[in-house]
Amino acid sequence: MPQMIAVISSLSVFLFLYAAWTDFRTWKIPNTIVLALVALYALRTVAVILGSQDVGAALFASSGIGGDVGAGLLMFALGVALWAFRLFGAGDAKLFLPIGLFIGWHGMLPFSFLLLVLGVVTLLVLRLPVPLPVAHLAFFMRVEEIRASRKVPYGVVMVFAALLTLALPIIRQQLR
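Heads up: the sequence shown is residues 1 to 176, going by the UniProt record's numbering.
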C-alpha cells in the first residue's frame with residue numbers, strides 16, 4: 001500500500017503542476033484535470049483504508065478522510081462564492097476542491113497563510129519590469145501579457161501554496 005500511495009501522490013503533484021501551467025498559459029483549468037485529481041484522491045483514500053488498522057479513525061477523524069472532505073467542500077464553497085463575485089475564474093474555484101481534499105482540515109491554516117504570502121509576492125513581481133535580455137523569451141512574454149491584461153492566473157499561486165503545504169511535514173521531519 002505505501003508504494004501505491006507514493007505513486008498516487010506523485011501523479012497528483014504532476015497534475016497539480018499541469019493545472020498551474022495550463023492556467024499560466026491559457027487562464028483556464030480544464031475540468032478533466034480537476035476530475036482526475038478528485039479521482040486520484042479517491043484512489044488514495046481506498047489505499048489508506050485498505051492499509052489502515054483503525055478504519056473508523058481513517059474515515060471520520062478530523063485528520064482523516066472526513067477532515068479532508070470537509071476541507072475540500074468548504075474550500076469549494078469559498079471558490080464558488082469568489083467566482084460569483086467575479087473575483088475568481090471558474091477553474092480556480094473548481095481547483096479549490098481537490099486542493100482541499102489533498103491538504104485536509106489541518107492543512108488549511110498553513111495553506112491560507114502561504115496563499116496570502118504567495119499572492120502578495122506575485123502581485124509585487126508583476127509590477128517589476130522584465131529585464132531586456134530575457135524579454136523575448138516566451139515565458140517572460142507571457143508574464144508581460146498577464147501584466148498588461150491585469151488578469152492574474154490564480155491557479156498557479158494556489159497550486160504552489162498547496163504543494164508547499166503538502167511539503168511542510170516532510171520539511172519538518174528533515175529538520176529534526
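Beta carbons are placed, not taken as given, at the ideal position from N, Cα and C, and that holds for glycine.
Practice task
Quick one: residues in its chain with C-beta nearer than 7 angstroms to the C-beta of residue 103, no 5 flanking neighbours on either side, listed in chain order?
Solution key: Taken in chain order, the residues that qualify are 71, 111, 162, 165 and 166.
Exercise for the section: Determine whether the Cβ of residue 91 lies closer than 8 angstroms to any Cβ atom of chain E. Expected result: Judged by its chain identifiers, the structure shown contains no chain E, having just a single protein chain.
Handout entry: Alpha-carbon spacing of residue 82 relative to residue 130, whole angstroms
Key = Rounded to the nearest whole angstrom, the C-alpha separation of residue 82 and residue 130 is 30 angstroms.
Handout entry: Cutoff 6 angstroms; reference residue 126; Cβ partners in own chain excluding five residues on either side
Key = Counting only Cβ-Cβ distances below 6 angstroms, and skipping sequence neighbours, we find 147.
Handout entry: Sub-8 angstroms separation of residue 157 and residue 101 beta-carbons
Key = Not in contact: residue 157 and residue 101 (Cβ atoms no closer than 8 angstroms).
Problem - As assigned by DSSP and simplified to three states, the class of residue 111 - result: It is helical.
Handout entry: Within 8 angstroms, strictly: CB atoms of residue 109 and residue 155
Key = No, they are not a contact pair.
Practice task
Kindly indicate which residue of 88, 91, 44 and 73 has the alpha-carbon position closest to the one of residue 13.
Solution key: When each option's Cα is compared against that of residue 13, the closest is 44.
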